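Working notes for the structure below.
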Amino acid sequence: MAVEAQKETLGFQTEVKQLLHLMIHSLYSNKEIFLRELISNASDAADKLRFEALSAPELLEGDPELKIRISFDKDANTLTIEDNAIGMSRDEVVNHLGTIAKSGTAEFFKNLSGDAKKDSQLIGQFGVGFYSAFIVADKVEVFTRRAGAPAAEGVLWSSAGEGEFEISTIEKAERGSRIVLHLKKDDSEFADGFRLRNIITKYSDHVALPIELPKEVTGEDADGAAEVEWEVVNRASALWTRPRTEVKDEEYQEFYKHVAHDFEDPLAWSHNKVEGRLEYTSLLYVPTRAPFDLYQREAPRGLKLYVQRVFIMDQADEFLPLYLRFIKGVVDSNDLSLNVSREILQKDPVIDSMKSALTKRVLDMLEKMAKNSPEDYQKFWDAFGQVLKEGPAEDFSNKEKVAGLLRFASTQSGNDEQTVGLSQYIERMQDGQDKIYFLTGESYAQVKNSPHLEVFRKKGIEVLLLTDRIDEWLMSYLTDFDGKSFVDVARGDLDLGALDTEEDKQAQDEVAKSKEALVTRLKTVLGDQVADVRVSHRLTDSPAILAIGEQDLGLQMRQILEASGQKVPESKPVFEINPAHNLVEKLDAEADEQRFEDLSMILFDQAALAAGDSLKDPAAYVQRLNKLLVELSS
1 MAVEAQKETL GFQTEVKQLL HLMIHSLYSN KEIFLRELIS NASDAADKLR FEALSAPELL
61 EGDPELKIRI SFDKDANTLT IEDNAIGMSR DEVVNHLGTI AKSGTAEFFK NLSGDAKKDS
121 QLIGQFGVGF YSAFIVADKV EVFTRRAGAP AAEGVLWSSA GEGEFEISTI EKAERGSRIV
181 LHLKKDDSEF ADGFRLRNII TKYSDHVALP IELPKEVTGE DADGAAEVEW EVVNRASALW
241 TRPRTEVKDE EYQEFYKHVA HDFEDPLAWS HNKVEGRLEY TSLLYVPTRA PFDLYQREAP
301 RGLKLYVQRV FIMDQADEFL PLYLRFIKGV VDSNDLSLNV SREILQKDPV IDSMKSALTK
361 RVLDMLEKMA KNSPEDYQKF WDAFGQVLKE GPAEDFSNKE KVAGLLRFAS TQSGNDEQTV
421 GLSQYIERMQ DGQDKIYFLT GESYAQVKNS PHLEVFRKKG IEVLLLTDRI DEWLMSYLTD
481 FDGKSFVDVA RGDLDLGALD TEEDKQAQDE VAKSKEALVT RLKTVLGDQV ADVRVSHRLT
541 DSPAILAIGE QDLGLQMRQI LEASGQKVPE SKPVFEINPA HNLVEKLDAE ADEQRFEDLS
601 MILFDQAALA AGDSLKDPAA YVQRLNKLLV ELSS
């Protein structure tokens, strides 16, 4: 009766109902993956028990040999996955099995496309692999007890995956969890030892604790129950501890899926053992797909940390800088104390040395990928490029290395794809060119048609086109590369150095002198709206342009600060005119001062629009333009 009093029927979280519907209707393109997910969960639970037992050895309850046992009953058409790991309390069962216990569930469902193969890749991103059991089972039971809790506090969770689940208190002598899958008729193939052995070898051979299958029934015990001889069917050794020459690519790929809870193969990996002053092993992976929370800088991240093969923490974020937060993998150290805690980890001087070395290893891995597998690197860049752009500001010691990994669109790339590296740009520089030219803006369409590019097109000089919101901030830290300084073509008084001939410079000086009177008139009309007015050397086709002061914020940064509610420092543009343009020539010849003022303001506002800025007084612009149109039509 006491047990029945503790029995409850509860409803799933709304997102779980949607997920179960998806699972039951064959979300996965390959059903057998459910077993990998359940084994991975059991392995994680074993890691957590090892860690908690460091400070509370009584949690092992006299049974320190952790393992996973998988059994089946062909007559009953059931499959059982059992572990002697950490187990769960009643509250943990409700939290973990009744909800998707991770932020971003709405984002998860927004990303569903209806394509089974694509949608299956999302499951790992959102930590919901347990529910994959319902692909092959029409009922799932979980018998569990948390390590250290009395036998009377066991919990039974059961559900048919149709919107609700039952939970009750049971007696459970052994700690850990036992999951019983009541297989669907069409999925009885998974109640077969040979089939299960093949799946385990394929997906879970790397799991660092024994996975056992029944070898044969050896008789019956005193109670008439079958006595089973168990056989370990996986290597049961941590993959990262094995020599690289003994590990196949397929094993590295499957281990990545286990450690990252991802369903796609990684783009690259680096397995390294360090010996000497520091001793540690690292296995680092570059994912193919960006997680949904990549741009949430406070989101959990980091490597799995082991000390002498004992699991310490799931997301140790001290070993890599924030701009490499997409890297997955494990680090196993011999130099950290086994009673390590997060506080100690942050203060340990060994961490700084390891962080420096691991950062360099990741950047080397990316350099190698960019050189040897440019198509894979482009996939990486499309997924993680904006995060890597945080690097030059955060990691001064590796600024040049990170800069070499950046990719941009350019006036020579012909589209908005970011494919041009800085080394490639330098190789294509004109004779006499000693600067790397770039232009930032809101969109590719805006910058590729910018009047600022006119002289560069005329001279065949390549300009990098930067349109990510982070770009202007990036370039405030990235001042040079390979001895070449960066120049924003929209800033200051453009000087092309040796790219302009002496004849060009002499002609520019002569034109500027001939237009001094026009410049003076314009300064009077525009007044304090501009910092200066001058003759432009940038323009070939447009009548006028606005240039930014050398030390002023660009449009991108101003808009970001304004959107965040921060006060933006006041700045005024420089108004540059093209003396060879017909409109400027007519403006210079205009004797009517009111008409001169109207035309000057129209040119000024058009230059602001061409720069991607908004007008301070749009109504006045429209009135002036309409007035001009009426005059022209009369």
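Heads up: the sequence shown runs through residues 1 to 634, numbered per UniProt numbering. Built from N, CA and C at the ideal position, the CB exists for glycine as well. It should be emphasised that the depicted structure is a prediction, and the values quoted were computed from it without experimental measurement.
Just grab the DSSP bridge partners of Asp488 for me.
Phe438
With DSSP as the reference, label Leu629 as helix, strand or coil.
helix
Classify His182 as helix, strand or coil using the three-state DSSP reduction.
DSSP places His182 within a strand segment (E or B) once states are collapsed to three.
Between which two residues does the beta strand (DSSP E) holding Gln433 run?
Here Gln433 belongs to no beta strand (DSSP E), and DSSP marks it neither H nor E.
Should Pro287 go down as buried or exposed, given a rule of 16 or more other Cβ atoms within 10 Å for buried?
Only buried fits Pro287, as 16 or more other CB atoms lie within 10 angstroms of its CB.
Is it true that the CB of Ile199 sits closer than 7 Å to the CB of residue 635?
Beyond the ends of the chain as shown, which are 1 and 634, falls residue 635; an answer cannot be given.
Ala169 - partner residues in DSSP beta bridges:
For the record, residue 169 in the displayed sequence is Thr; it is not Ala. Per DSSP, Val155.
Give the DSSP-derived three-state secondary structure of Gly176 in the structure shown.
strand
When Glu442, Leu628, Asp91 are compared against Ile560, the one with the closest alpha-carbon
For Ile560, the closest alpha carbon among the candidates Glu442, Leu628, Asp91 is that of Glu442.
Thinking C-beta only, is Ile470 closer than 7 Å to Gln430?
no
Alpha carbon of Phe130 to alpha carbon of Leu465, nearest angstrom:
45 Å
Where do the N-terminal and C-terminal ends of the alpha helix (DSSP H) with Asp588 fall, by residue?
The continuous alpha helix (DSSP H) containing Asp588 extends over residues 582-589.
Using the three-state DSSP reduction, which class does Met313 fall into: helix, strand or coil?
Correct three-state label for Met313: strand.
Leu555 to Pro618 span [Cα, whole Å]
18 Å
Simplified DSSP assignment, three categories, for Lys399:
helix
Looking at Ala42 and Ile68, is the spacing between their C-beta atoms short of 7 Å?
yes
Residue environment, Ala101, which counts as buried when at least 16 other CB atoms sit within 10 Å:
With a pLDDT of only 39 at Ala101, under the threshold of 50, the placement of this residue in the model should not be trusted; the figure read from the coordinates follows. Ala101 should be labelled exposed.
Three-pair Cβ contact test at 8 Å for the segment 160-172 versus the segment 131-144:
yes
Give the single residue among Tyr252, Arg289, Pro243 whose Cα lies nearest to the Cα of Lys273.
Pro243
Which class does Leu555 belong to by DSSP, given the choice of helix, strand or coil?
helix
Helix, strand or coil: which one does DSSP assign to Pro150?
coil
How far does the beta strand (DSSP E) with Val140 in it reach, from first residue to last?
137-145
Closer than 8 Å by C-beta to Asn77: which residues in its own chain qualify, once you throw out the five before and the five after it? Chain order, please.
Within the same chain, His182, Leu183, Lys185, Ser188, Ala191 come within 8 Å of Asn77 by CB-CB distance, once the 5 residues on both sides are set aside.
Between which two residues does the beta strand (DSSP E) holding Tyr306 run?
303-307
Run through DSSP, which three-state label would Glu576 get?
strand
How is Lys118 classed by DSSP in three states: helix, strand or coil?
Because the pLDDT at Lys118 is just 48, under 50, the model does not fix this residue reliably, and the value given afterwards should be weighed accordingly. If DSSP states are grouped into helix, strand and coil, Lys118 belongs with the helices.
To the nearest angstrom, how far is it from the Cα of Thr80 to the Cα of Pro374?
45 Å
For Leu603 and Arg624, what's the separation of their Cα atoms in angstroms?
11 Å
Could you tell me which of Glu8, Ala236, Asn626, Phe194 sits nearest to Thr169, measuring between CA atoms?
Glu8
Quick one: residues in its chain with C-beta nearer than 8 Å to the C-beta of Arg297, no 5 flanking neighbours on either side, listed in chain order?
Leu322, Arg325, listed in sequence order.
Buried or exposed: where does Gln386 fall if 16 or more other Cβ atoms within 10 Å of its Cβ makes it buried?
buried
For Ser40 and Ile179, the rounded distance between their alpha carbons
13 Å
Spatial neighbours of Ala53 in its chain, beta-carbon cut-off 7 Å, leaving aside the 5 residues before and after:
Leu59, Leu60
Measure the C-alpha to C-alpha separation of Lys368 and Ala383 and round it to an integer number of angstroms.
18 Å
Go ahead and label Val622 buried or exposed: buried means 16 or more other beta carbons lie within 10 angstroms of its beta carbon, across all protein chains shown.
Looking at its Cβ environment, which holds fewer than 16 other Cβ atoms inside 10 Å, Val622 is exposed.
Of the residues Leu283, Glu250, Ala290, Gly276, which one's Cα is nearest the Cα of Asp262?
Ala290
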